Every structure is written in structure tokens, then in C-alpha cells.
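Have a look at the structure below, then the notes.
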Amino acid sequence: MTVFAEAPRVRGLTDDEQRLLGRLFDELTRRAGRNQSRSRLYEGKYAVKRTSTIPPEYFRMGIVLGWAAKAVDILARRCNLDGFTWADGDLESLGSREVWSENLLGTESDSGVVSSLIHGPAFLVNTAGEAWEPKALIHVKDALNAVGDWNPRARRLENLLSITDRDEEDRVTGFALYMDGLTVSAARDSSGWAVERSDHKFGVPAEPLVYKPRAGRPFGSSRINRAVIALLEQATRVAIRMEAHADTFSFPEFWMFGATLADLAGGEKNPNPWRVRMGRIKGLPDDEETGVRAEVHQFPAASPQPHVDMFEHIAGQFAGETSIPVESLGLVNRANPTSAESYIASREDLIAEAEGATDDWSPAFQRSFTRALAIRNGLDSVPAEWVTIAPKWRSPIHLSRAAQADAGSKQLAAAPWLADTEVGLGLLGLDEQQIRLALSQRRRAQGSQALAALTARARGTADAAGE
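Counting from 324, one number per residue, gives the positions in the sequence shown under this note's numbering.
What follows is the structure, given as C-alpha cells:
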């Protein structure tokens, strides 16, 4: 669990910098509780509120459901950043392949997407590498370790506080404060705080990755919202009750008439009511006034079906709230789609959610990537012509290779010239590596054919001269 206290007093900061540090640190502390709660829900490290209708022993079994992680991961797996494109220039000449591979951007982008879905915002931070590091670095920070102010007119961050290190007790021992044209880094050791300053011309070199931003909430909302949390806790309680039912009510009950509560509790004066209720034999005392005894001796086992029905009902509500298929929650849908078209239609809400999310994340990835290219190439700012560099997202619609190739063939039939381009090969379902390999082999084959033609022509000319 992250520990937050007062903002550290750091010798070497100006008064304005110390005030900014204190304010941002307080904001990070204020939001820490909710952010930590959502992280625990995602990791399955949560506990539901106890109720009197469930034996207390079953709350200690640690029964949890992974539905919060499902709500995040299923959407995240349809939001895959495959790279960047530049219709107006050559990205590779700028070192784009090196920036991508050295920063493991395929993996780091997934990390940023998941963190954004859990907390609402995540942050992409650009820094210049040291001598032993890549020239340009892109870091991902979650909302537990970064916070900043948003300028609604400039549509950019005004500042950012990034926690970079903690000690064994989770106290902050390192941070970076990003301001307009200035980065202040501080680290603490046994001798105290050491502060370093770095001037640059990139403004605030950080971008927020925001899920569902809206007016009044520029840093968006968590996918694990209050409705999701309530349904998750409700379903977990039903799962606990089903576990208790399996141990307690899934076999016939026998009754001993004329017995008292103390008789069945081993002589205890104040027996545990739940221990008595969970016993294999239950007692029913005689009516001393009338002397009448009921003639019921055995009750059949209780069916778990009411619990199952309730669980399925909550699962349906959860699926509707998160736009994920109910089958992903472990339930068998009784109306499985029978064709590719119906399968896609059944996930229309999830696909639309993924497309909307990638639209919201694209500006942050574009700005961060072009800034990294500028740093790598030793530039003081991002050239204006780089504004057309755009992130390339994988389609959120999962098609089979055959279906994708068939759809691509129909598109190429309308524009045959596309078949000789990377775009056309992409329409056929080939990935970037396959496209590069195919074009490379095609160029080699064309070169071999041209060489063979030249050789044949030269041989024919020589033969003609010999005659």
C-alpha cells in the first residue's frame, strides 16, 4: 500500500517550486485512496462487506472474482498500438524504428492503456537518455505515481509531478517536477536531498493518456466505476453464499425432536448460532404447554438454483455495464452467435468502446512519439511538418485470416493499383513484418529478372556480332 505523508521539504528548490511540489503532492495524496482501491480490485485483492446472512467463516476463505480485471483487459486487448505512419515523409530516416524498439513501445503502450483504463489517466513522459541509455526515452506513469495540472486553453499539461523512487517503507525518496522548459529532479539518500535541473525547449514533456475525458473532467474516469464495483461486490457475495450452500444445505437435514439448543451445542451455555445452523442434526424442542410434537423427520436437500440464477442475473448486468460478452465472465450464453457477422454484431458495443478509446489516446501517443524523435535527432522542438505523423492502431474487430483476406481482395478489385503498395498488402491481413519481407523479396525477384534480361540481351548482341 502506498504511503503518503506531507510533501517533503527539499533544500535546493525555490519557494515557487516547493509550493508547487506541495500542492501536487497533496493532490496525489487526495486521490490515492480511490486509485489504490481500483488497483486492488483489478488485482483481486479486495474484500466485500460482511453481512449477517453469510457465516463469518466463509468471508475468511478469500473468495474473489476477477471481473474487474476482465472489464479492463478485454477492452485493452482490442486497443493495440502497432506503430506510426507518415504519409508525407520517411519515418525510418528519423530513427522511428530505433525509438520504437529501444523503448519497447509495443509493451509500454499496452501498460499505459491498462493503467488509463484502471484509473482514468496515465501519463507518457519524455526524457533524454544518459550516455549508456537510448537517446530518447518514453516512460509510462500511472495515476498512483504522477499528477499534474491541465491547461484547457492550450490543451496541454502545465506541470507534472512524477514519483521516481520509494524506500522499503514506500516513502518517496525520488521525484521529478516537470515545468515549462525546466525539469527538476531530486533524489534522497543518507546525506539528504540532491537536486538537478535541466533546461529544454519542449515545454512540459509529458502527455496524459485519458480514458473517457469530458467537460469538467479532463483526466477522465476509471473503467472500474461505481456501478462496476457494486455489481462485483454483489456477485462476490452470491459466490460466497453458493460456497456456503455447498457445505451446508446440499444434503438432507435430520431433526431431533425434543432436543434443545444446548443439547446440540455440546453443553455450551452460549453456543454459536451459525455452528448450530450448520450442524448435520438440528433440534426442535417440544411444546411444553400442549405436549404436541411435529411429525417432520427429514427435509430434502435445498437446491442451489436460486443462487445460480442470481449469479447469472448479476453477470448479465455486469456485462451490460462494461460492454463485454457474458461468456467472458465464465457463463455459457444460451444464444451463441452462429456466424462471423452475428459474432461481430454481438460485440458491437465493445468494438465501439475500443474505437472511442483509441481516438482519445491518439493525440498523446502522437505528441510523445514525435517529441522522442526530435530528442533523438538533436532538435530543440518538434518540426511543424511532423504533425501528420499518426499512430497506427490494430483493428478492434477480430477477423479470421480468411475473412480478412476475402474482404481485402474485394477492396483491391476496386482499386487494383493498391496491390503494389504497403496499404494493399495490409488490407490482405499481412502484418508489417510480412509486408516488408514480401516487398523485399519482390524487389529481389524483379532485380534478378532484370539482370537475366540484360544478360540475355548482351548474349544476343554478342552472338549477332559474331555472325
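Every residue gets a Cβ at the ideal spot worked out from N, C-alpha and C, and that includes glycine. Bear in mind that the values here come from a model prediction, so they are computed numbers and not experimental data.
- By the CB criterion at 9 Å, I674 and R400 fall outside the cutoff.
- A straight-line Cα-Cα distance of about 40 Å links P739 and S651.
- Taking all protein chains in view, the Cβ of G471 is crowded by 16 or more other Cβ atoms within 10 Å, so the residue is classified as buried.
- Contact annotation: the stretch 519 to 539 does not touch the stretch 361 to 370, with fewer than three C-beta pairs closer than 8 Å.
- By the neighbour-count criterion, in which a residue is buried when 16 or more other Cβ atoms sit within 10 angstroms of its Cβ, E676 is buried.
- Close CB contacts of R361 within its chain, under the 7 Å cut and outside five residues either way in sequence, are with I441, H442, S545, I547 (chain order).
- Boundaries of the beta strand (DSSP E) around S521: 515 to 522.
- In the three-state DSSP reduction, G443 falls in the coil class, being neither helix nor strand.
- For L351, the enclosing alpha helix (DSSP H) has its first and last residue at 338 to 366.
- The closest CA to that of A510, considering only S691, T487, G356, N358, is found on T487.
- Using a Cβ distance threshold of 9 Å, L414 and N700 do not count as a contacting pair.
- Selection L347, Y534, R780 evaluated against S685 yields Y534 as nearest (Cα-Cα).
- One thing to note: F634 has its Cβ no nearer than 9 Å to the Cβ of L555.
- Nearest to R353 by alpha-carbon distance, out of D682, A330, R765, is A330.
- Between L484 and F348, the gap from beta carbon to beta carbon is short of 9 Å.
- Inter-segment contact for the stretch 696 to 716 and the stretch 389 to 409 is present: three or more beta-carbon pairs are separated by less than 8 Å.
- N449 is bridged by DSSP to I461.
- Assigned with DSSP and collapsed to three states, P531 falls in strand.
- A direct Cα-Cα distance of roughly 49 Å separates L654 from R765.
- Around the beta carbon of L500, 16 or more other beta carbons lie within 10 angstroms, which makes this residue buried.
- At a Cβ-Cβ threshold of 9 Å, T645 and K372 do not count as neighbours.
- Distance from the Cα of L505 is smallest, within the candidate group I720, T681, T337, for T337.
- Here DSSP, grouped into helix, strand and coil, assigns A370 to coil.
- Within 10 angstroms of the beta-carbon of K733 lie fewer than 16 other beta-carbons, which makes it exposed.
- Note on P379: under 16 other CB atoms within 10 angstroms of its CB, so exposed under the neighbour-count rule.
- Pairing A558 with L388 gives a Cβ-Cβ distance under 9 Å.
- In terms of CA proximity to N426, L447 leads the group G412, S439, V437, L447.
- Rounded to whole angstroms, the gap between the alpha carbons of E664 and K458 is 47 Å.
- By the CB criterion at 9 Å, V463 and E431 fall inside the cutoff.
- R511 carries a strand assignment under DSSP once its states are collapsed to helix, strand and coil.
- Of all alpha-carbon atoms in I720, V551, R767, the one lying nearest the alpha-carbon of W390 is that of V551.
- Residue pairing by DSSP places W716 opposite L404 in a beta bridge.
- Here R717 is near N403, since their CB atoms are less than 9 Å apart.
- Beyond the five residues adjoining it in sequence on each side, D703 comes within less than 6 Å, by CB distance, of K524 in the same chain, given in chain order.
- Annotation: the continuous alpha helix (DSSP H) that includes G679 extends over 671 to 699.
- Pairing P444 with N468, the inter-Cα distance amounts to about 11 Å.
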